[in-house]
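Student:
As structure tokens, this is what we get:
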């Protein structure tokens with residue numbers, strides 16, 4: 001399930017970047033900048049969840065403590 005969520009986050013961030021470029025070309029400045037910031041935050045979250053821990057597993061693969 002986590003890999004599905006990470007995939008959707010990456011697809012959404014790519015769509016945000018393309019949407020920001022399109023809006024930037026139309027002359028808007030504030031909304032495309034915020035869209036790019038959101039895309040960067042989403043990509044950073046995916047990277048954090050995908051980097052392996054000391055044990056070799058990623059955070060997406062570990063189970064929450066019960």
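Numbering (the UniProt record's numbering), first residue to last: 1 to 66.
Cβ coordinates follow ideal geometry from the N, Cα and C atoms, glycine included.
All values reported here derive from a predicted model rather than from experimental measurement.
1. Less than 6 Å between C-beta atoms, sequence neighbours within five positions excluded: which residues of the same chain meet that for residue 24?
2. Give every residue of the same chain whose Cβ lies closer than 6 Å to the Cβ of residue 17, excluding the five residues on either side of it in the sequence, and list them in chain order.
3. Give every residue of the same chain whose Cβ lies closer than 7 Å to the Cβ of residue 71, excluding the five residues on either side of it in the sequence, and list them in chain order.
4. DSSP puts residue 52 in a beta bridge; with which residues?
5. Below 8 Å on the Cβ atoms is my guess for residue 60 versus residue 2; work out the distance and round it to an integer in Å.
Tutor: Here's the rundown:
1. Here the set comprises 32.
2. 39
3. Outside the modelled stretch of the chain, which goes from 1 to 66, sits residue 71, for which no answer is possible.
4. 58
5. 4 Å
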